[in-house]
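Inspection log for the structure reproduced underneath, given as structure tokens.
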Amino acid sequence: MSEIQVHEGVIFVRGEVSFETLSQLRKALTSSIQPGVHTLDCSDTGKVDSSIAALLLAAVSLAHAQELSLVVRQLPSAASKLLKLYDLDGIIHCQ
């Protein structure tokens, strides 16, 4: 099961991030980006494919539209490699 939860300014992405779950996660993310949110935590993600890049870009774009700064933390190493491969590591700020 994949889900998005928000707690104290942190959005937690849990479960698989793949083509099959992307639409559901993006919808949940859209309603989660709001004033006071500052971090997207990926420490509980399971299997990821290239869809994680689309989800992270959506998060950054939604945050930017609301003039929020969003930091991604605990990104799985496979996702970090994808961001570098797609040359997105300069756009998506990870800790």
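For the sequence shown, the UniProt record's numbering gives the first residue as 1, with consecutive numbering after it. Beta carbons: idealized from backbone N, C-alpha and C, even for Gly.
Among the residues of its own chain, which have a CB less than 8 Å from the CB of residue 37, if the five just before and after it don't count? For the purposes of this step, residue 37 is taken as the residue at position 37 of the sequence shown. Cβ neighbours of residue 37 beyond the five flanking positions: 6, 9, 10, 11, 63, 68, 70.
With a threshold of 7 Å, establish whether the CB of residue 49 neighbours any heavy atom of the ligand MG. Among the components of this structure there are no ligands whatsoever, and the ligand MG is therefore not found.
At the 8 Å Cβ level, is residue 43 part of the contact set with chain D, yes or no? Protein chain content of the structure displayed is limited to a single chain, and chain D is not contained in it.
Alpha helix (DSSP H) runs wholly inside the UniProt domain "STAS" (10-95), at least 4 long, in chain order: 19-32, 51-65, 77-85
Rounded to whole angstroms, how far is the Cβ of residue 82 from the Cβ of residue 52, which I believe are closer than 8 Å? Position 82 of the sequence shown, counted from the start, is the residue given in the question as residue 82. Position 52 of the sequence shown, counted from the start, is the residue given in the question as residue 52. Between residue 52 and residue 82 the Cβ distance is about 7 Å, and since that is below 8 Å, they are a contact.
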